[in-house]
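Student:
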Amino acid sequence: MQIRQRLSNQFIFIVFIILLLFSIAIYILSANYRKTIFYERIESKAQNVANLLLEVDEIDAGLLRKIENANPITLPNENIIIFNYLNDTLFSSPDNVALQIDQTLIDNIRLEGEIKFNQGEYENIGFLFTSRYDRFVVIAGAIDVFGKQRLLYLRNVLIIAFSTFLIVLIFVGNLYARQALRPISNVIKQVKNISASSMNLRLNEGNSNDEIAQLSSTFNQMLHRLETAFSIQKNFIANASHEMRTPLTSITGQLEVLLLQNRSTEEYKKTIISVLEDIKLMNRTSDRLLMLAQASSEVTLSTLLPVRIDDIIWKARSELLKYNPEYNSIVVLDESLDATQMVIAGNEILLTTAVVNLMENSCKYSENKEAHLELKPLQNKIQLLFTDSGIGIIKSDLKNLTQPFYRGKNIGNRKGHGIGLSIVESIIKIHSGEMTITSELGKGTQIKVLLPLAIN
Numbered sequence: 472m473q474i475r476q477r478l479s480n481q482f483i484f485i486v487f488i489i490l491l492l493f494s495i496a497i498y499i500l501s502a503n504y505r506k507t508i509f510y511e512r513i514e515s516k517a518q519n520v521a522n523l524l525l526e527v528d529e530i531d532a533g534l535l536r537k538i539e540n541a542n543p544i545t546l547p548n549e550n551i552i553i554f555n556y557l558n559d560t561l562f563s564s565p566d567n568v569a570l571q572i573d574q575t576l577i578d579n580i581r582l583e584g585e586i587k588f589n590q591g592e593y594e595n596i597g598f599l600f601t602s603r604y605d606r607f608v609v610i611a612g613a614i615d616v617f618g619k620q621r622l623l624y625l626r627n628v629l630i631i632a633f634s635t636f637l638i639v640l641i642f643v644g645n646l647y648a649r650q651a652l653r654p655i656s657n658v659i660k661q662v663k664n665i666s667a668s669s670m671n672l673r674l675n676e677g678n679s680n681d682e683i684a685q686l687s688s689t690f691n692q693m694l695h696r697l698e699t700a701f702s703i704q705k706n707f708i709a710n711a712s713h714e715m716r717t718p719l720t721s722i723t724g725q726l727e728v729l730l731l732q733n734r735s736t737e738e739y740k741k742t743i744i745s746v747l748e749d750i751k752l753m754n755r756t757s758d759r760l761l762m763l764a765q766a767s768s769e770v771t772l773s774t775l776l777p778v779r780i781d782d783i784i785w786k787a788r789s790e791l792l793k794y795n796p797e798y799n800s801i802v803v804l805d806e807s808l809d810a811t812q813m814v815i816a817g818n819e820i821l822l823t824t825a826v827v828n829l830m831e832n833s834c835k836y837s838e839n840k841e842a843h844l845e846l847k848p849l850q851n852k853i854q855l856l857f858t859d860s861g862i863g864i865i866k867s868d869l870k871n872l873t874q875p876f877y878r879g880k881n882i883g884n885r886k887g888h889g890i891g892l893s894i895v896e897s898i899i900k901i902h903s904g905e906m907t908i909t910s911e912l913g914k915g916t917q918i919k920v921l922l923p924l925a926i927n
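Just add 471 to wherever you are in the sequence shown, counting from 1, and you've got the working numbering.
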C-alpha cells in the first residue's frame, strides 16, 4: 500500500472515530437531558396535584379528578397516585391506572425518599410528600411521546449527517493526503531526472525548514558526495592515462630502436638504465596518483590518531634526502613549543606525504636547492611555514596551483607532475587545516599551513 493511501486511510479513520464518538456523545447527552426534563415535568405535575388535594380543603378526590381530566397540558398516558400513611389510595388519575404498584415499592419510597423506575414505556417517579397532616407517597408516571420523537429525530439527523460527512471525508482525506505528499512527489520527479550523466543536478530545497526541505538537503549532500566520487574516479583514470603515456611511449621507443640492430654492451646498458629511470618515474607517478585518490576521499577520516608533528617533519626530511641527496631542508622549532603543542590528530602517512611534497617543491624551485621550515604555536593550532628563495610564482597562477596536473607558466624545464600541491591541499582539508600560498617573482614563495592541535 502506498504511503498516500495509508495516510489517507489513517486520516479518515481518526476523523471517523472522532465524529462517531462526538455523535454518540450528543445522542447520549440529549437522551439524558430528555429524561431529566421529563422527570422534572412529571414530578412538578404530581407536586401540584398533591398540593391541591392535601392542602386545599375545598378540593376532594372527585373534583380533582375532574380538574385533571379537563387539563389540556396533561402528559400522554399520565398516571398519578397518592397513598396515605396506611398505604391506602387517596387519589388516582385516571381511575384505572396502568402502573403496577405493590407494597414493596411503596415501602422503598418511604425509606429512600425518591425512586425513579420504568414499567414498559412508562417512566415513573415516586416521592414522599409532607403536608400539615402527614407524610404521603406520591407516584406519577407517563409516556414521553414527544421527547422520544425528538430523540428519534435527532438520531436520524445524526445518522444522515454522519453518513454524508463520511462520504465527504473520504474525498477530503484523499485530497489531504495528495496535498501533504505533493512535495515528496516533486522530489521523486526530480530524482528520476538525475542519472550518472547528470550528477550536477540538485533537488529544489525551497525556502522552508520542514522535513521535506531537510530530506532534499540531505539528498543533495549525498549527490555532492557521489558527484565528487565520480569526478575523482574519472580524473584519476584520465590523469593516470596521461601520466603513464609519456614514460610508456619512451620505453616502447627505446626498446624498438634497440631491437632494430645488434648493439654493444655499453649501448644495451645505457638503454636499460634509461628504461629503468622511466619505470621508476612511472612507479613514483602511480604512487602519487594513488595518494591523490586516497587524500581526496573521506575514508581516511577514521584513521586520524594523535601524532607528534615534529616526528612527522623529521621523518619527511629523511625521506626527502633519501630520494634527493642534493636537496637540503632547514627546520627551525620555536623555543616556546612544548610537547602538548606538537600533538595533532592526524594520519601519519598522509601528513608525511604532505610535508615531503612541500619540502620538495621548496627545494626544487630554489636556486640553492634549500627549503626552510619554521614550526611555531598559534593559539590552539600549530603553524608550519615553508619558505624558499626560488623563482616565485606568477600571480595569475596562484589560484590554480592546487588543481591536479596544473603547473606554473615560469617553471621552465624543471621536472614535475603538477600533483604535489593538489595532494597537499586534500590532506590538509582532511585534517581540518588551512593552507595559504604567497609569492613574489624573483624572491621566492611562502606556504603557511595551520593544523588544529589534538586538544581541539
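Glycine included, every Cβ here is placed at the ideal spot set by N, Cα and C.
#1: I need the DSSP call for ILE580, collapsed to helix, strand or coil.
#2: Would ASN691 and ARG673 qualify as a contact pair, given that the criterion is a beta-carbon distance under 7 Å?
#3: Taking 7 Å as the cut-off, decide whether the C-beta atoms of ARG536 and SER515 are in contact.
#4: Quick one: what's THR601 bridged to in DSSP?
#5: Helix, strand or coil for LYS900? Go by DSSP, reduced to three states.
#6: In this structure, how does DSSP classify VAL778 when only helix, strand and coil are distinguished?
#7: Report the rounded CA-to-CA distance for LEU922 versus GLN476, giving the unit in angstroms.
#8: How many angstroms separate the CA atom of ASP681 from the CA atom of PRO654?
#9: Under DSSP, the alpha helix (DSSP H) around GLN650 begins and ends at which residues?
#10: Nearest by alpha-carbon distance to GLU727: which of THR736, GLU737, ARG716, VAL746 is it?
#11: So, helix, strand or coil for GLU592, using DSSP?
#12: Within the same chain, show all residues whose beta-carbon is closer than 8 Å to that of GLU594, passing over the 5 residues directly before and after it, in chain order.
#13: For ILE497, which residues of its own chain have a beta-carbon under 7 Å away from its beta-carbon, when the five flanking residues on both sides are left out?
#14: Can you tell me whether DSSP reads GLY612 as helix, strand or coil?
#15: Give me the Cα-Cα distance between LYS989 and VAL895, rounded to the nearest whole angstrom.
#16: Count the other C-beta atoms from every protein chain shown that fall within 10 angstroms of the C-beta of LEU604, then say buried if there are 16 or more, exposed otherwise.
#17: Relative to the C-alpha of GLU819, which candidate in ASN839, PRO848, PRO777, CYS834 has its C-alpha closest?
#18: Are the CB atoms of PHE600 and ALA521 within a distance shorter than 7 Å?
#19: Can you tell me which of ARG649, ILE743, GLU738, ILE572 puts its alpha carbon nearest to the alpha carbon of ASP559?
#20: Using the Cβ count rule (16 or more neighbours within 10 Å means buried), how would you classify ARG788?
#21: If you drop the 5 nearest sequence neighbours on each side, which residues of the same chain put their C-beta closer than 8 Å to that of GLN574?
Tutor: Let me lay it out:
#1: Taking the sequence shown and counting its residues from 1, the one referred to as residue 580 is at position 109. Looking at ILE580 - three-state DSSP - the assignment turns out to be helix.
#2: To locate residue 691, count along the sequence shown from 1; it is residue 220. To locate residue 673, count along the sequence shown from 1; it is residue 202. Contact flag set, yes.
#3: For the purposes of this step, residue 536 is taken as residue 65 along the sequence shown, with counting starting at 1. For the purposes of this step, residue 515 is taken as residue 44 along the sequence shown, with counting starting at 1. Cβ distance not < 7 Å, so ARG536 and SER515 don't count as in contact.
#4: Your numbering for residue 601 matches position 130 in the sequence shown. DSSP, once it has assigned bridges, lists ARG606 as partnering THR601.
#5: Indexing the sequence shown from 1 puts residue 900 at position 429. DSSP places LYS900 within a helical segment (H, G or I) once states are collapsed to three.
#6: On the sequence shown, position 307 is the one that residue 778 refers to. Strand at VAL778.
#7: In the sequence shown, residue 922 corresponds to position 451, counting from 1. In the sequence shown, residue 476 corresponds to position 5, counting from 1. Answer to the nearest angstrom: the Cα atoms are 54 Å apart.
#8: On the sequence shown, residue 681 is found 210 positions in, with the first residue counted as 1. On the sequence shown, residue 654 is found 183 positions in, with the first residue counted as 1. Looking at the two C-alpha atoms, the distance is approximately 11 Å.
#9: In the sequence shown, residue 650 corresponds to position 179, counting from 1. Here the alpha helix (DSSP H) through GLN650 covers 616-651.
#10: If you number the sequence shown from 1, residue 727 lands on position 256. Among THR736, GLU737, ARG716, VAL746, the Cα nearest to that of GLU727 belongs to VAL746.
#11: Position 121 of the sequence shown, counted from the start, is the residue given in the question as residue 592. Three-state result, GLU592: coil.
#12: Here residue 594 is taken as the residue at index 123 of the sequence shown, counted from 1. Cβ within range, chain order: LYS506, PHE509, TYR510, ILE513, LYS587, GLY612, ALA613, ILE614, ASP615.
#13: Within the sequence shown, residue 497 is the residue found at index 26, counting from 1. The answer, listed in chain order, is LEU629.
#14: Residue mapping note: residue 612 aligns to position 141 of the sequence shown, counting from 1. GLY612: strand per DSSP, three-state reduction.
#15: This structure gives no information on residue 989, because the portion of the chain shown stretches from 472 to 927.
#16: Locating residue 604 in the sequence shown gives position 133, where the first residue counts as 1. Note on identity: in this sequence residue 604 is Tyr, with Leu being the wrong assignment. By the neighbour-count rule (16 or more Cβ atoms within 10 Å), TYR604 is not buried but exposed.
#17: By one-based count along the sequence shown, residue 819 stands at place 348. Residue PRO777 is the option with its Cα nearest to GLU819.
#18: Position 50 of the sequence shown, counted from the start, is the residue given in the question as residue 521. Position 129 of the sequence shown, counted from the start, is the residue given in the question as residue 600. Yes, these two residues count as a Cβ contact at 7 Å.
#19: In the sequence shown, counting from the first residue as 1, residue 559 sits at position 88. Nearest option by C-alpha distance: ILE572.
#20: Along the sequence shown, read from residue 1 onward, the residue named residue 788 stands at position 317. Under this definition ARG788 is a buried residue.
#21: Locating residue 574 in the sequence shown gives position 103, where the first residue counts as 1. Within the same chain, GLN574 has close Cβ partners ASN558.
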